[in-house]
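First comes the structure, then the notes that go with it.
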Amino acid sequence: MIAPTAKAASPAVLLQLLRRARTNSMMVMATSSNSTFSTFPAASSSSSASTSTSTPATLESLALSDPPRAAHAIRAHLSKGVAALSQNIAVSASGSRVLCSNGRNLLDMASGIGVLSTGSCHPRVSAALADQASTLVHAQQNIFSSHLPLARLVDRLLEVTPRGLTTFLFANSGSEAVDNAVKLARAATGKQNVISFDNSFHGRTMGAMALTNSKTYYRKGFGPLMGGTFATRYPYCLRCSARAHDPQGSSWYKLAPNVPPVGDPYADRKCCQEPLDALRWLLKQQTAPEETAAIIVEPILGEGGFLTPPPGFLDGVRKICDDNGILLILDEVQSGVARSGTFWAHSQLMEVGSTADILVFAKGIASGFPFAGLASRPELHENLTVGTFGGTYGANALGCAAAAATLDVIEEEDLVGNARERGTQLAAGLVEIAGRFRSIVDVRGRGLMAAVEFGGGGVNGGGGGGGSVEEALRIPAKPGIASAVAAAAGERGMILMTAGARESVRFLPPLTVSAAEVDEALGIFEKALGDVEF
Ligand SMILES: Cc1ncc(COP(=O)(O)O)c(C=O)c1O
Numbered sequence: 125m126i127a128p129t130a131k132a133a134s135p136a137v138l139l140q141l142l143r144r145a146r147t148n149s150m151m152v153m154a155t156s157s158n159s160t161f162s163t164f165p166a167a168s169s170s171s172s173a174s175t176s177t178s179t180p181a182t183l184e185s186l187a188l189s190d191p192p193r194a195a196h197a198i199r200a201h202l203s204k205g206v207a208a209l210s211q212n213i214a215v216s217a218s219g220s221r222v223l224c225s226n227g228r229n230l231l232d233m234a235s236g237i238g239v240l241s242t243g244s245c246h247p248r249v250s251a252a253l254a255d256q257a258s259t260l261v262h263a264q265q266n267i268f269s270s271h272l273p274l275a276r277l278v279d280r281l282l283e284v285t286p287r288g289l290t291t292f293l294f295a296n297s298g299s300e301a302v303d304n305a306v307k308l309a310r311a312a313t314g315k316q317n318v319i320s321f322d323n324s325f326h327g328r329t330m331g332a333m334a335l336t337n338s339k340t341y342y343r344k345g346f347g348p349l350m351g352g353t354f355a356t357r358y359p360y361c362l363r364c365s366a367r368a369h370d371p372q373g374s375s376w377y378k379l380a381p382n383v384p385p386v387g388d389p390y391a392d393r394k395c396c397q398e399p400l401d402a403l404r405w406l407l408k409q410q411t412a413p414e415e416t417a418a419i420i421v422e423p424i425l426g427e428g429g430f431l432t433p434p435p436g437f438l439d440g441v442r443k444i445c446d447d448n449g450i451l452l453i454l455d456e457v458q459s460g461v462a463r464s465g466t467f468w469a470h471s472q473l474m475e476v477g478s479t480a481d482i483l484v485f486a487k488g489i490a491s492g493f494p495f496a497g498l499a500s501r502p503e504l505h506e507n508l509t510v511g512t513f514g515g516t517y518g519a520n521a522l523g524c525a526a527a528a529a530t531l532d533v534i535e536e537e538d539l540v541g542n543a544r545e546r547g548t549q550l551a552a553g554l555v556e557i558a559g560r561f562r563s564i565v566d567v568r569g570r571g572l573m574a575a576v577e578f579g580g581g582g583v584n585g586g587g588g589g590g591g592s593v594e595e596a597l598r599i600p601a602k603p604g605i606a607s608a609v610a611a612a613a614g615e616r617g618m619i620l621m622t623a624g625a626r627e628s629v630r631f632l633p634p635l636t637v638s639a640a641e642v643d644e645a646l647g648i649f650e651k652a653l654g655d656v657e658f
């Protein structure tokens with residue numbers, strides 16, 4: 125394992141593997157590319173390791189001796205439906221660094237899409253996994269009443285989950301947890317319909333996909349989708365028509381409105397009510413409260429571009445739920461587990477003590493081990509028929525051990541505080557950079573989830589010209605600009621992802637990220653912006 129602070133050194137193990145692999149002779153027909161960070165092209169069926177004519181090489185050895193060829197040869201055997209940001213082949217990782225078989229040591233500003241909360245291979249989490257792996261790997265939840273890591277995890281979860289949400293159900297992915305949340309809401313209420321929001325992402329399973337509205341391609345061609353779903357508007361303050369029609373609209377909207385204390389927080393400005401009105405009308409016109417089991421919402425949109433609702437919005441949704449006997453499902457798969465600078469994002473966006481009926485978590489909960497779950501009010505489970513929920517791997521012992529260790533590390537290393545401090549540093553840096561780049565129209569998010577949206581012009585002091593928001597938004601963003609910036613960052617050694625249907629990039633570093641790494645990320649980002657012509 126490389127030290128968390130290591131920057132460019134290749135570990136001895138990689139050299140060893142590389143040397144071993146180079147002694148093999150390889151003849152793999154595959155298209156090679158010099159760029160390691162262009163989006164992966166569709167693999168051709170002729171690109172296959174099976175075309176080898178001399179000593180057969182394993183794909184693993186090729187990955188070390190000829191990474192570009194290997195990247196294509198391996199992908200030829202993987203589903204074309206899965207996208208890949210780069211052609212890098214990961215070998216080892218530590219903290220905020222990922223070492224690839226081509227020798228590149230990348231700065232990780234994606235953390236496996238918000239998964240590696242404690243950084244890659246945190247010694248404490250790795251030790252917990254190793255220990256558990258040699259003690260008890262799987263004690264199936266239908267066979268045993270519990271097991272020790274599960275008991276440890278429940279103890280730890282009860283310390284961090286909102287008051288009243290004391291019944292847990294575990295799953296293997298965010299999507300599966302969302303599906304279970306919907307099942308639970310339907311079973312507990314005896315109602316069928318579920319409302320989600322535009323720009324939302326809740327997953328790719330048949331249930332979660334039907335609630336996902338961030339991009340059409342997540343659903344196109346996969347119908348018929350689960351029935352009983354409805355979509356309504358999520359606040360998008362930058363593009364809110366209420367703001368645009370407000371004579372003071374441009375003046376109150378500042379770059380980074382949601383990134384206190386960096387931008388111009390508008391904590392005293394409540395939601396303009398348009399999205400809440402739309403929700404009320406949806407309940408009048410399309411799905412009656414008597415038929416609506418739940419409303420599912422991300423407190424901060426993840427895949428949808430880190431849109432952060434203004435104060436009052438989530439409380440408004442909570443009230444509509446309460447007034448109409450509808451359950452509130454908060455999907456904190458991406459925003460939860462210390463990511464936003466509070467343990468749960470909703471706790472800084474809702475009135476004190478206000479929370480969900482069902483809270484969904486995944487990603488950062490187990491530092492990279494596939495683990496997810498939901499926390500909910502106990503009474504929702506009271507009338508469930510035994511056996512209707514479950515799953516072979518739910519509450520898996522390794523997952524529980526990884527999650528419990530993750531929660532230990534988050535507490536002991538004060539990663540909530542680090543997310544807040546490094547998040548402020550990151551946001552401040554991004555706002556400063558926005559001042560030098562005309563095309564940046566927004567910097568938003570909370571804690572260590574920060575996004576930059578590109579438009580076609582400048583905005584406020586941050587637009588390299590001081591134009592108004594309206595001016596900036598009238599000029600559409602150059603299509604592909606976010607992907608181009610992410611690719612340029614990749615070429616410069618930083619993993620950066622895009623987000624949403626519009627042109628945005630998102631920063632989601634490990635919660636252990638250091639001040640020096642944030643500075644480095646900002647430096648690379650600014651250079652990447654300079655690399656892209658727009
Ligand atoms: C908010 C949210 N919900 C659900 C999911 C689905 O999680 P998974 O990919 O683990 O199925 C994601 C994944 O990105 C997410 O961001």
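Just so you know, we're using the numbering used here here: the sequence shown kicks off at 125 and counts up by one. Where a beta carbon is used, it is the ideal one built from N, C-alpha and C, also for glycine.
| Item | Value |
| --- | --- |
| Quick one, are the C-beta atoms of LEU362 and ASP566 less than 9 angstroms apart? | yes |
| For ligand 1, any of its heavy atoms closer than 8 angstroms to the Cβ of VAL484? | yes |
| Suppose you measure from the CA of THR509 to the CA of THR291; what does that come to, to the nearest Å? | 16 angstroms |
| Which term fits ASN304, buried or exposed, when burial requires 16 or more other beta carbons within 10 angstroms of its beta carbon? | buried |
| Using the beta-carbon count (16 or more within 10 Å), is ASP481 buried or exposed? | buried |
| For GLN410, decide whether its Cβ has a neighbour in chain D, counting only Cβ atoms nearer than 9 angstroms. | The chain inventory of the structure shown lacks chain D, comprising one protein chain alone. |
| Span of the alpha helix (DSSP H) holding GLU283? | 272-284 |
| Given 8 angstroms as the limit, is there contact between the region 475-489 and the region 232-247, that is, 3 or more CB pairs closer than that? | yes |
| For ligand 1, is there a heavy atom less than 8 angstroms away from the beta-carbon of ASP322? | no |
| When you compare each of LEU349, ASN226, GLY219 and GLN265 to LEU186 by their alpha carbons, which one comes out closest? | ASN226 |
| Considering only heavy atoms of ligand 1, does any lie closer than 8 angstroms to the CB of GLY511? | no |
| Which full runs of the alpha helix (DSSP H) of 4+ residues lie inside the region 179-234, going along the chain? | 183-189 and 191-199 |
| In whole angstroms, what is the alpha-carbon distance linking ASN448 and PRO413? | 6 angstroms |
| Quick one: residues in its chain with C-beta nearer than 7 angstroms to the C-beta of ARG367, no 5 flanking neighbours on either side, listed in chain order? | CYS361, GLY373, TYR377 and CYS396 |
| Given 8 angstroms as the limit, is there contact between the region 512-519 and the region 244-252, that is, 3 or more CB pairs closer than that? | no |
| Is it buried or exposed, PHE561, if we count other Cβ atoms within 10 angstroms and call 16 or more buried? | buried |
| How many angstroms separate the CA atom of ARG630 from the CA atom of ILE267? | 42 angstroms |
| Measuring CB atoms only, is the region 596-607 touching the region 397-412, in the sense that at least three cross pairs come out at less than 8 angstroms? | no |
| For a test of the three-state rule: what should DSSP assign to GLY440, helix, strand or coil? | helix |
| Nearest to ALA67 by alpha carbon, out of GLN549, PHE493 and GLU615? | Within the shown structure, residues of the chain are numbered from 125 to 658, placing residue 67 beyond reach of any answer. |
| Taking 6 angstroms as the limit between beta carbons, can you name the residues of its chain near ALA252, skipping five residues before and five after? | ALA525 and ALA529 |
| I believe LEU504 touches LEU308 by the beta-carbon criterion, under 8 angstroms. Please report the beta-carbon distance rounded to the nearest angstrom. | 6 angstroms |
| What does a CB cutoff of less than 7 angstroms around MET333 pick up in its chain, not counting 5 residues either side in sequence? | GLY327, TYR342, ARG343, PHE346 and LEU349 |
| Relative to the C-alpha of GLY624, which candidate in ILE198, PHE430 and GLN265 has its C-alpha closest? | PHE430 |
| By DSSP's criteria, THR291 is part of a beta bridge. Which residues make up the other side? | SER500 |
| Could you tell me whether the region 271-279 touches the region 462-480, using the rule of 3 or more Cβ pairs below 8 angstroms? | no |
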